[in-house]
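S.K.: First the structure, which I've put down as structure tokens, then a few questions once you've had a look.
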Ligand code: SAH
Ligand code: SF4
């Protein structure tokens, strides 16, 4: 049998499920439930999907689809028809691709998956930020946030209709202030699951999205291969057609991957979650700092900024009594000047069960003024969506707890 293109790293996936999930999580399809029941009996929590699991058609680039259709013995233009159905008309099954011969549709569904993500919960806030909870085809939950207008945060004059996208289920990096890491890491999202968050929200909201920030659940650079595939689809004229300068990747500071990303031709923007200007302060709240300390991180940033001829953004959450001192502001200013980086100050969003809080308005303004006095381009974000627990990972955590409470 002819093989369809299977990009590296997409052949098999580790998928983790917590014990006793099938009884509580009735929405998993039957096959998965049976597997999980088996797993529960042995209290094993991880299994690997078979090597021959099908790739989702929306994880492929146009050239890969072209290769596949040629292998099927079909004309090259068929690939263009397919991506048009996928990203312009946005159908949800091969069957809806009505200008393709029945034979082609059958062949596509034999060789490729076409999975769906379902919106299971939407929270709208007073300032119209909306938060979406999605269920993936294996039952895992992820979330995305739609922010209608966020003025000039990442470089463009006014960023409108921004989506904050997730890249992993959970997060392995365990930053002390963050809800996404609270229940550990389950798995990487596949390219189609990343792109589908945008498509599903555009469909639900009826508006075109023009700005993407990878600041949802997970560490994007720990899922670099799938992230890059997704970004290429989001950026491509045959895909979602969103300009690279309107795509921002945020990282907690994976220095080697920052260097790797610098070699990519795409002109996407990079934001660094700094949150502490010294190893002492940063290390206290971000375990990743033990692996890549501030200096290692900054030198990777130097490399990126130089190679891409780009100004980076430092994200800095202000947490009361932890990283909001005048001294941290002065040192942060020095680091930012070294890189000509912009600083985006974000008052901490409270997470249920965590002891941190945001500093007073006065302290926030003082921190900002110290940066500005030193000539650093800094902004203080009025955090949108505070009233809907918009900090990443919160809606998922809350829903999981509610489901568990309901089933116990
Ligand atoms: N893992 C990546 C991207 C996802 S987190 C990273 O860490 O950069 C996206 C941003 O949200 C990060 O800057 C992160 O520090 C911030 N964040 C996490 N929890 C937050 C909270 N409770 N309040 C405000 N910002 C938060
Ligand atoms: Fe993971 Fe980013 Fe949250 Fe840290 S801040 S736990 S890296 S999602």
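Residue numbers (the working numbering): 18 to 425.
No residue lacks a Cβ here, since even glycine has one placed at the ideal position from N, Cα and C.
Taking DSSP as the reference, what is the three-state secondary structure of residue 383?
M.R.: Helix.
S.K.: Is DSSP giving residue 221 helix, strand or coil here?
M.R.: Reduced to three states, the DSSP call for residue 221 is helix.
S.K.: Counting by C-beta, which residues lie closer than 5 Å to a heavy atom of the ligand SF4, in chain order?
M.R.: This criterion selects 188, 190, 192, 195, 197, 198, 236 and 269.
S.K.: Scan the region 59–144 and note each continuous alpha helix (DSSP H) run of 4 residues or more that stays entirely inside, going in chain order.
M.R.: Listed in chain order, the complete alpha helix (DSSP H) runs (minimum 4 residues) inside the region 59–144 are 79–88, 94–100 and 119–128.
S.K.: Which runs of the beta strand (DSSP E) at least 3 residues long sit entirely within the region 314–384? Give them in chain order.
M.R.: The qualifying runs are 330–335 and 359–364.
S.K.: Which residue wins for smallest C-alpha separation from residue 315, given the options 276, 280, 341 and 137?
M.R.: Here the closest residue by C-alpha is 276.
S.K.: Residue 77 to residue 257, Cα distance in whole Å?
M.R.: Cα to Cα, residue 77 sits roughly 14 Å from residue 257.
S.K.: With three or more beta-carbon pairs closer than 8 Å as the criterion, would you say the region 234–243 touches the region 93–108?
M.R.: Too few Cβ pairs lie closer than 8 Å, so no.
S.K.: Judging by CA-CA distance, which residue of 287, 182 and 97 is the nearest neighbour of residue 323?
M.R.: Minimum Cα distance to residue 323 is reached at 287.
S.K.: Output the boundary residues of the alpha helix (DSSP H) element that contains residue 191.
M.R.: It is not in any alpha helix (DSSP H) - residue 191 carries neither H nor E in the DSSP assignment.
S.K.: One question on the structure: do residue 247 and residue 212 come within less than 7 Å of each other, judged by their Cβ atoms?
M.R.: In this structure, residue 212 lies closer than 7 Å to residue 247 by Cβ.
S.K.: Is it true that the CB of residue 183 sits closer than 7 Å to the CB of residue 216?
M.R.: In this structure, residue 183 does not lie closer than 7 Å to residue 216 by Cβ.
S.K.: With a threshold of 6 Å (Cβ to nearest heavy atom), would residue 365 be considered close to the ligand SAH?
M.R.: Checking every heavy atom of the ligand SAH against the Cβ of residue 365, one is found closer than 6 Å.
S.K.: Skipping 5 residues on each side, what residues in its chain have a beta carbon closer than 6 Å to that of residue 201?
M.R.: Cβ within range, chain order: 187.
S.K.: Could you give the DSSP three-state label for residue 254: helix, strand or coil?
M.R.: Three-state DSSP puts residue 254 in coil, outside helix and strand.
S.K.: Using a threshold of 7 Å, state whether the C-beta atoms of residue 309 and residue 270 are closer than that.
M.R.: Their beta carbons are under 7 Å apart, which means residue 309 touches residue 270 by this criterion.
S.K.: Go through its chain and collect everything with a Cβ distance to residue 95's Cβ below 6 Å, but skip five positions before and after it.
M.R.: The residues are 86.
S.K.: With which residues is residue 159 paired in a DSSP beta bridge?
M.R.: Beta-bridge pairing links residue 159 to 151.
S.K.: Would you kindly work out how many angstroms separate the C-alpha atoms of residue 299 and residue 392, rounded to a whole number?
M.R.: One C-alpha to the other measures close to 23 Å.
S.K.: On a CA-only basis, which of 249, 89, 244 and 327 is nearest residue 279? Give me that one, please.
M.R.: For the residues 249, 89, 244 and 327, the minimum Cα distance to residue 279 belongs to 327.
S.K.: Quick one: is the Cβ of residue 368 within less than 6 Å of any heavy atom of the ligand SAH?
M.R.: Yes, the beta carbon of residue 368 sits closer than 6 Å to at least one heavy atom of the ligand SAH.
S.K.: Using the Cα positions of residue 348 and residue 356, report the straight-line distance between them to the nearest angstrom.
M.R.: The alpha-carbon atoms of residue 348 and residue 356 are separated by roughly 13 Å.
S.K.: Within the chosen definition, does the region 189–200 reach the region 116–128 through at least 3 CB pairs nearer than 8 Å?
M.R.: Not touching, per the Cβ criterion.
S.K.: Compare the Cα-Cα distances from residue 371 to each of 148, 337, 162 and 281 and report the closest residue.
M.R.: Residue 371 has its Cα closest to that of 337, out of 148, 337, 162 and 281.
S.K.: Got a sec: does the ligand SAH put a non-hydrogen atom nearer than 6 Å to the Cβ of residue 232?
M.R.: The answer is yes for residue 232.
S.K.: Do residue 227 and residue 178 have their beta-carbon atoms positioned less than 7 Å apart in this structure?
M.R.: Cβ distance < 7 Å, so residue 178 and residue 227 count as in contact.
S.K.: How would you label residue 378, buried or exposed, when you count the other beta carbons within 10 angstroms and need 16 or more for buried?
M.R.: Classification of residue 378: exposed, given that the 10 Å Cβ count is below 16.
S.K.: Using the Cα positions of residue 351 and residue 297, report the straight-line distance between them to the nearest angstrom.
M.R.: If I take the Cα positions, the gap works out to 16 Å.
S.K.: Quick one: give me the first and last residue of the alpha helix (DSSP H) that residue 302 is part of.
M.R.: Residue 302 -> alpha helix (DSSP H) spans 296–302.
S.K.: What do you get for residue 133, buried or exposed, if any count of 16 or more other CB atoms within 10 angstroms of its CB means buried?
M.R.: The residue is exposed, with fewer than 16 neighbouring Cβ atoms inside 10 Å.
S.K.: Would you check whether the ligand SAH has a heavy atom nearer than 6 Å to the C-beta of residue 312?
M.R.: Flag unset: Cβ of residue 312 not near the ligand SAH.
S.K.: Please state whether DSSP places residue 243 in a helix, a strand or coil.
M.R.: Helix.
S.K.: On the premise that residue 307 lies in contact with residue 361, defined as a C-beta separation below 8 Å, what is that separation, rounded to the nearest angstrom?
M.R.: With 8 Å as the limit, residue 361 and residue 307 do not qualify as a contact, their Cβ atoms being about 24 Å apart.
S.K.: Drop a sphere of 10 angstroms on the beta-carbon of residue 268, count the other beta-carbons inside from all chains shown, and report buried for 16 or more, exposed for fewer.
M.R.: Burial call: buried.
S.K.: Between the beta-carbon of residue 82 and the beta-carbon of residue 99, is there less than 7 Å?
M.R.: Yes, the Cβ-Cβ distance between residue 82 and residue 99 is below 7 Å.
S.K.: Alpha helix (DSSP H) containing residue 278: first to last residue?
M.R.: First-last of the alpha helix (DSSP H) with residue 278: 272–279.
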